[in-house]
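Scroll down for the structure; my scribbles are underneath it.
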Amino acid sequence: MPNPPSRGLAVVTGASSGIGRAFAEELARHHYDLVVVARDAARLEDLAARLRDRRGVAVTVHPADLTQPEAVAALAARIAAEPRLALLVNNAGVATSGHFATLDIDREEAEIRLNVLALVRLTHAALPGMVERRAGGIINVASIAAFVPGPFAATYHATKAFVTSFSESLHEEVHSAGVTVQALCPGFTRTEFQMRAKISETAVPGPAWMSAEAVVRGSLRALDRRHAVYVPGMHYRLLMATSRVAPRTLVRRILTRVGRTAYLD
Ligand code: NAP
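Take 7 as the starting number for the sequence shown in the numbering used here and just add one per residue.
This is the structure we're talking about:
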């Protein structure tokens, strides 16, 4: 049987593992061609070969370290020149944890470059074409960390607050032009993230965890409904609603305790 027609091109950063890989797999299942981006070229090649075989979509591997301005500029140029761009998923992100005063400041800066600066530049490259075509979507992966302060993960929480605010504002600027910008704000999701960020997984109770696949499916459904902010999981939506009305001093005190257990022990 011939393959169904392509729905356009999706660019996914951080596609070598976790939520990004789940986005690539789900989008291939929905017949999007893909550009997959991360540092680990071998993992991207494996993914690309699997998606070409199983889904019959075109997949281009674009290895890049998005903390490096030249690498971001090269990817931005590719995105700006792509007339079929239907979706950009700015997913690549890292967290650092510990007492800010003692953390390696170069790693903190690299985290801001990846989580914030790369996302801003890639979004800027994607939007003009989408607005001109009056179609397209951008999913910026933030976190529930965006809504609350994060003692012992201060830079991470601040980067995600930026991503959420930035995405909501852009959504208002472009939604009348047929473009949706979504801040995706997951809670704890089983990926390589905790291991890389040295976050204790035992500090988080079992039922709180979500799968990357569930996060991605919910995000894409919310994109279809043109939601500017999407928090996957009813338990996290309730938690975020509670944190919004609770006194801020109480929220900070609780999160200091949580942070000590999750990030310092
Ligand atoms: P993950 O499994 O560690 O995946 C992170 C991805 O980012 C990998 O593909 C990694 O690939 C890529 N990446 C890291 N540094 C990079 C760099 N310098 N340049 C290019 N790509 C880079 O973690 P994940 O959970 O899927 O994280 C995806 C996003 O979800 C992040 O933005 C994270 O903040 C957010 N998030 C995660 C959770 C959670 O609990 N897992 C919760 C809320 C939000 P390479 O190493 O090959 O470069």
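Where a beta carbon is used, it is the ideal one built from N, C-alpha and C, also for glycine.
A Cβ-Cβ distance of about 5 Å is found for the pair Ile145 and Gln188, placing them in contact under the 8 Å criterion. Taken in chain order, the unbroken stretches of beta strand (DSSP E) that lie wholly in the stretch 108-162 and span 3 residues or more are 142-147.
Annotation for Pro69: the continuous beta strand (DSSP E) segment containing it runs 65-69. Separation of the CB atoms of Val43 and Ala70 is rounded to 6 Å, and the pair is thereby assigned contact status at 8 Å. Using a Cβ distance threshold of 9 Å, Leu40 and Leu15 count as a contacting pair.
Under the 8 Å Cβ criterion, the stretch 166-185 counts as touching the stretch 133-141, having at least three qualifying pairs. Counting only residues of its own chain and dropping the five nearest sequence neighbours on each side, Ala160 has a CB closer than 8 Å to the CB of Phe106. In this model, Pro11 and Gly212 are separated by some 41 Å (Cα to Cα).
Fewer than three Cβ pairs drawn from the stretch 248-261 and the stretch 226-240 lie within less than 8 Å of each other, which leaves the two stretches out of contact. Counting only residues of its own chain and dropping the five nearest sequence neighbours on each side, Gly143 has a CB closer than 6 Å to the CB of Leu93, Thr186, Leu229. Under DSSP, the beta-bridge partners assigned to Thr195 are Met216. Between Gly193 and His241, the gap from beta carbon to beta carbon is short of 9 Å.
For Asp39, the uninterrupted beta strand (DSSP E) segment begins and ends at 39-44.
By the CB criterion at 9 Å, Ser103 and Tyr269 fall inside the cutoff.
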